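Take 1 as the starting number for the sequence shown in the UniProt record's numbering and just add one per residue. We put the beta carbon where it would ideally sit given N, CA and C, even for glycine. No experiment lies behind these values; they were computed from the predicted model shown.
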Amino acid sequence: MVARSSEVRPTAVRHSASPGAGGRRRRGAGRLAGLGLGGAALLVLLTGCDVGKTFGGFGWPEGGISPESHRMYDLWIASCIAALAVGVFVWGLIFWCVIRYRKRGNELPVQTRYNMPMEFLYTIAPILIVSVLFYYTAIVQTDVDRTTKNPDVTVEVVAFKWNWQFNYRDGQGRDANTVASVLGTSEVIPVLVLPSGKSIRFEEQSRDVIHSFWVPELLFKRDVMPGNIRNVFQVSSLDQEGAYVGRCAELCGSYHAFMNFELRVVSPEKYEQFLAAKKAGKSTQEALKAIGEPEFATKTEPFNTRRDKNNFNPDSAPVGAGS
Numbered sequence: 001m002v003a004r005s006s007e008v009r010p011t012a013v014r015h016s017a018s019p020g021a022g023g024r025r026r027r028g029a030g031r032l033a034g035l036g037l038g039g040a041a042l043l044v045l046l047t048g049c050d051v052g053k054t055f056g057g058f059g060w061p062e063g064g065i066s067p068e069s070h071r072m073y074d075l076w077i078a079s080c081i082a083a084l085a086v087g088v089f090v091w092g093l094i095f096w097c098v099i100r101y102r103k104r105g106n107e108l109p110v111q112t113r114y115n116m117p118m119e120f121l122y123t124i125a126p127i128l129i130v131s132v133l134f135y136y137t138a139i140v141q142t143d144v145d146r147t148t149k150n151p152d153v154t155v156e157v158v159a160f161k162w163n164w165q166f167n168y169r170d171g172q173g174r175d176a177n178t179v180a181s182v183l184g185t186s187e188v189i190p191v192l193v194l195p196s197g198k199s200i201r202f203e204e205q206s207r208d209v210i211h212s213f214w215v216p217e218l219l220f221k222r223d224v225m226p227g228n229i230r231n232v233f234q235v236s237s238l239d240q241e242g243a244y245v246g247r248c249a250e251l252c253g254s255y256h257a258f259m260n261f262e263l264r265v266v267s268p269e270k271y272e273q274f275l276a277a278k279k280a281g282k283s284t285q286e287a288l289k290a291i292g293e294p295e296f297a298t299k300t301e302p303f304n305t306r307r308d309k310n311n312f313n314p315d316s317a318p319v320g321a322g323s
């Protein structure tokens, strides 16, 4: 082994000192520059088109209905583009090394150590990438979590096993009064009616276990905590009218999968009419009908409790009989 090492080392030295070594280094630098330019061109091409729509949002839900959802979506798409650009660059380096330094005989390729430019690159570049991503993540998160002192609408979200109650409030906090309420049952899906173009404040609490308030088009999943914890978030506006399914996104018990509700976004005028009808004592279905909206949820259905006589042993059934 010692003899072989002593034979290879001079060969490597002679090889690196050969007249063509400088040319090979220049060609290698050219290929590296080409990879960098190719990655930059790919990044420009990706940012110049609707990448999210082309690639299905890279797994992120599309069709957000609030400015906050659009900001989170844009951050996700930009992060995916950055990851793809880094991936293409790294994959290019790997394949270039595989082809450039593939085995051509018994001679070792040039052995290099203490390559300061390369060490600087693979130390500083990841730090820069993470710093940029952290900066924009902090900016978007701060913007999304921002609340104002005087939102246009305040709704108290009350979760319980296994349904929802939505209370329209005349102020903020526990001391505010409920002016109208929507309560879901096993037979009727609760419909949360909210106006478009208005800021909405959600104040959440649970009567029993941890639940999670989730409307996919809002791109929010906010835990609803029991006890004295009151989780609060706000959307600056709802941009699109329509009906959107809402769900509990926290495993909370037997009927968790059926703990649904519907968000109905209407015009501010219809919202005021709906709220006035509720204050006058009308049911949610009557108030919805009064503003020309479907009386019941259209995006989801009540869960089947399966509470009928087939769930219980008949009186005439022998002991130990099963079904």
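C-alpha distance - residue i paired with residue j, whole-angstrom precision
i: E203; j: C97; result: 57 Å
i: E295; j: R222; result: 27 Å
i: C248; j: H256; result: 7 Å
i: N304; j: F166; result: 22 Å
i: A83; j: Y168; result: 43 Å
i: residue 324; j: W162; result: This structure leaves residue 324 out entirely; the chain is present only between 1 and 323.
i: N150; j: A180; result: 19 Å
i: residue 324; j: I124; result: Residue 324 is absent from the structure shown; the chain starts at 1 and stops at 323.
i: K198; j: V188; result: 27 Å
i: G292; j: P268; result: 14 Å
i: I99; j: I127; result: 29 Å
i: M72; j: T300; result: 26 Å
i: P109; j: Y101; result: 7 Å
i: A280; j: V144; result: 35 Å
i: residue 338; j: Q205; result: Any answer about residue 338 is impossible in this case: the structure gives the chain only from 1 up to 323.
i: Y136; j: D74; result: 11 Å
i: C261; j: C252; result: In the sequence as displayed, the identity of residue 261 is Phe instead of Cys. Each residue's alpha carbon lies about 15 Å from the other.
i: V158; j: E250; result: 14 Å
i: G48; j: M225; result: Unreliable placement is indicated for G48, whose pLDDT of 45 sits below 50; the coordinate value is still reported in the next sentence. So the alpha carbons of these two residues sit roughly 43 Å apart.
i: G227; j: R207; result: 8 Å
i: L219; j: S66; result: 9 Å
i: L183; j: E241; result: 22 Å
i: F89; j: L121; result: 13 Å
i: L45; j: Q111; result: For L45, the pLDDT reaches just 49, beneath the cut-off of 50, and the residue's location in the model is therefore unreliable, although a value from the coordinates is still provided. Whole-angstrom Cα-Cα distance: 37 Å.
i: D170; j: G87; result: 52 Å
i: V155; j: A277; result: 17 Å
i: I94; j: E68; result: 39 Å
i: A297; j: I229; result: 30 Å
i: D175; j: A138; result: 32 Å
i: L133; j: T142; result: 14 Å
i: A21; j: K103; result: Only weak support is given to the placement of A21: the predicted model assigns it a pLDDT of 49, under 50, and the value that follows is read from those uncertain coordinates. Spanning the two alpha carbons is a distance of roughly 17 Å.
i: A85; j: Q273; result: 52 Å
i: L275; j: N177; result: 14 Å
i: F160; j: W76; result: 32 Å
i: E217; j: M259; result: 17 Å
i: residue 324; j: G92; result: Coverage of the chain is limited to positions 1 through 323, which leaves residue 324 absent and any answer about it impossible.
i: Y271; j: S186; result: 25 Å
i: W164; j: K53; result: 34 Å
i: P302; j: L288; result: 18 Å
i: G57; j: T148; result: 30 Å
i: F55; j: H70; result: 16 Å
Per DSSP, the bridge partner or partners of residue i
i: L194; result: V265
i: P67; result: BP columns for P67 are empty, so no partner.
i: R169; result: T154 and T178
i: C80; result: BP columns for C80 are empty, so no partner.
i: W164; result: A159
i: V243; result: Per the sequence shown, the amino acid found at residue 243 is Ala instead of Val. The partner list for A243 (beta bridge, DSSP) reads R264.
i: V235; result: I200
i: C252; result: According to DSSP, C252 bridges with nothing at all.
i: L183; result: Q165
Whole-Å CB distance - residue i paired with residue j, under 8 Å assumed
i: I81; j: V51; result: 6 Å
i: residue 324; j: V153; result: Limits of the chain in this structure are 1 at one end and 323 at the other, which puts residue 324 out of reach.
i: Q172; j: R146; result: Not confirmed; about 15 Å, so no contact.
i: A243; j: R264; result: 5 Å
i: G246; j: V215; result: 5 Å
**Message:** If we require 3 or more residues per run, which beta strand (DSSP E) segments fall completely within the region 194-233?
**Reply:** Listed in chain order, the complete beta strand (DSSP E) runs (minimum 3 residues) inside the region 194-233 are 200-206, 211-215 and 220-224.
**Request:** Specify whether the region 197-211 and the region 274-291 touch according to this definition: at least 3 beta carbon pairs, one from each stretch, less than 8 Å apart.
**Result:** no
**Asked** Can at least three beta-carbon pairs, one atom from the region 56-71 and one from the region 99-119, be found at a separation below 8 Å?
**Response** Below 8 Å, too few C-beta pairs join the region 56-71 and the region 99-119 to call them touching: fewer than three.
**Asked** Counting Cβ pairs closer than 8 Å, one from the region 231-238 and one from the region 184-192, do we hit at least three?
**Response** no
**Item:** alpha helix (DSSP H) runs contained entirely in the region 264-300, provided each spans 4 or more residues
**Value:** 268-279 and 284-290
**Message:** So within the region 79-118, which uninterrupted alpha helix (DSSP H) runs reach at least 4 residues, ignoring any that extend past its ends?
**Reply:** none
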